[in-house]
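The structure appears below as structure tokens.
Protein chains in written order, with my numbering: chain A, 4 to 291; chain B, 10 to 293.
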């Protein structure tokens, strides 16, 4: 036991030293007082279409926030702008204090993401894919880390199999393994359980929650799966037509709409029903 | 603590993300990915050698036939085989660069790469390095076969061969960068460009005939292309045993310009794809 503890301790110390030295390299440690995510007046226009419309929000360290909204609400575009994959038309995205339009690489090693819009190369085995990404993220102890993450996500028996031959659930777990390789402080997830059966989806949610809790990691997930959001999120940002229309805890949101579940709230919002307190004056106005 | 529990505690030891070491490490990771890919398919490996080998055979036999005629140009030692092999260096290197890049789009992996700490110039450097490795796999066996079947030794070009190789590979990277940029911006619909762009050079850079064959007005265009100087130089060595090194310096200078234009084009299209939001929609 002591041997294992020593080894783990030494690894942590090595990591702290390495991490510390490269944070010094970055100069004015952008993360010292900066929240993991700070978005101000973020806007994305495609011609005459406004996909994201002047949204602002901040995410504190260690919280799990869900971007909730129907199709075309602007969830994926927002996440893509946070990742630097899409350039904003206006506004600003800061991740750990770094402006993602200009200094994305200062913080790229501290975040990771998973999305159904991207895949890992199908011809490579799971282990080969993870090895490549361990190299890209600069993980010195790649083999041990891959073994650890694989065991955690129960893909250790799949390591020799071509990624393209896996089932949807297995692919999701492999994608998540890639996203967790560098133990990101900020994990961005776009529809993390899309097209999974309820059992696998529940298992994935459980793992994500475990990860966030054990590392005080910050999670931002885009989803239109209400059960997922209710189970995972500390806070919900409800988007409609690219605008933030609610920003609350799931409980407060459900209470304010007088529903029983987040799904009720979601349906109220997308069908244009008002909150009860807003509806009463409206009814009085109509009656008069 | 059991071994199983100990395994769960393994933290990633993150190396510094900046500096030359970090860049080299990321490039090595990408090249490793390309090696895995090539190893995963025997068909791909055979295909790498198959087409250049067929080309070499066809032109080699034609050269053999022409050698029996009275045409002194055709009798020149292996001019046609030399042309084919040098053209294949340009063409295969360009294809190696472009198809490897397209492969990332086919596999919908580009989003993962572009959100990782990998810088665009590291991606370009890894693609360039890989195009040379692929070229070696494809051309060395064919050059050896040309020696055994037709008695043509590419090494007879001497030191100039190394310079020719550099000029052709640098040109191929410029073309590869332009096609990769266009595909990034316009998606796989523009994939055809990756295959056809090099062929645009085929008639202009005088692979199989001297520049003097071209109409007067077209000759300056041909001479503005670096590979033209390579093919002229090769003919000069094989037919007259002479070679003007100034030609090569001129070609290398032109290459520097084309490479800068190629990288600027790639960067511009990458920026444009970020603005237009097409990076997440790429794939088959």
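Yeah, the Cβ is synthetic: ideal placement off N, Cα and C, and Gly gets one too.
| Query | Result |
| --- | --- |
| Contact with chain A by residue 288 of chain B, beta-carbon distance below 8 Å | yes |
| 8 Å Cβ cutoff, residue 25 of chain A in contact with chain B | With a pLDDT of 43 at residue 25 of chain A, under the threshold of 50, the modelled position of this residue cannot be trusted, and the question is left open. |
| Where residue 229 of chain B falls, given that 16 or more other Cβ within 10 Å makes a residue buried | exposed |
| Per-residue contacts from residue 170 of chain A into chain B (C-beta, under 9 Å) | Near residue 170 of chain A there are no residues of chain B at all, since even the closest Cβ is about 17 Å away, more than 9 Å. |
| Nearest neighbour of residue 153 of chain A, chosen from A:127, A:125, A:182 and A:140 [CA to CA] | A:182 |
| CA-to-CA distance, residue 64 of chain B to residue 39 of chain A, given in whole angstroms | 57 Å |
| Residue 61 of chain A in three-state terms, based on DSSP | strand |
| Residue(s) in a DSSP beta bridge with residue 38 of chain A | Paired residues: none, contrary to the question. |
| Close-in-space but distant-in-sequence residues of the same chain around residue 272 of chain B (CB under 6 Å, 5 per side omitted) | 186 |
| Cβ-based neighbour list, residue 31 of chain B, same chain, cut-off 7 Å, excluding 5 preceding and 5 following | 24 and 25 |
| Span of the alpha helix (DSSP H), counted from its first residue to its last, around residue 7 of chain B | Chain B is shown only over 10 to 293; residue 7 of chain B falls outside these bounds and no answer can be derived. |
| Closer than 7 Å at the beta carbon, the chain A residues around residue 127 of chain B | 139 |
| Contacting positions in the stretch 125-139 of chain A - beta carbon closer than 9 Å to chain E | Within the model displayed, chain E is absent; protein chains A and B are what it includes. |
| Cβ contact check for the stretch 165-180 of chain B and the stretch 117-129 of chain B: 3 or more pairs under 8 Å | no |
| Residue 235 of chain A and residue 66 of chain A closer than 8 Å at C-beta | no |
| Residue 217 of chain B, DSSP secondary structure in three states | coil |
| Contacting residues, own chain, Cβ-Cβ under 8 Å from residue 284 of chain B (five flanking each side not counted) | none |
| DSSP state of residue 121 of chain A mapped onto helix, strand, coil | coil |
| Residues that residue 47 of chain A bridges to, as DSSP identifies them | A:55 |
| Meets three-Cβ-pair contact criterion under 8 Å: the stretch 80-100 of chain A and the stretch 259-276 of chain A | no |
| Chain B contact residues for residue 90 of chain A, given Cβ-Cβ distances below 8 Å | 280, 283 and 284 |
| Interface residues of chain B facing residue 80 of chain A [CB-CB closer than 8 Å] | 286 |
| Simplified DSSP state of residue 118 of chain B, which is helix, strand or coil | coil |
| Reference residue 242 of chain B; option with closest CA among B:206, B:278, B:267 and B:92 | B:92 |
| Where the stretch 17-29 of chain B meets chain A: residues whose CB sits under 7 Å from a CB there | 17, 18, 19, 20, 21, 22, 23, 24, 25, 26 and 27 |
| CA-to-CA distance, residue 57 of chain A to residue 227 of chain A, given in whole angstroms | 21 Å |
| Alpha-carbon to alpha-carbon, residue 96 of chain A and residue 45 of chain B | 36 Å |
| Separation of residue 146 of chain A from residue 162 of chain A, as counted between CA atoms | 12 Å |
| Contact under 8 Å by Cβ, residue 47 of chain A with residue 79 of chain A | no |
| Outcome for residue 36 of chain B when other beta-carbon atoms lying within 10 angstroms are tallied against a minimum of 16 | buried |
| Cβ of residue 57 of chain B within 8 Å of any chain A Cβ | no |
| Buried/exposed call for residue 168 of chain A, threshold 16 Cβ in 10 Å | exposed |
| Rounded distance between the beta-carbons of residue 206 of chain B and residue 184 of chain B, thought under 8 Å | 5 Å |
| Enclosing alpha helix (DSSP H) for residue 79 of chain A [first to last residue] | 78-86 |
| Per DSSP, cross-strand counterpart(s) of residue 165 of chain A | A:128 |
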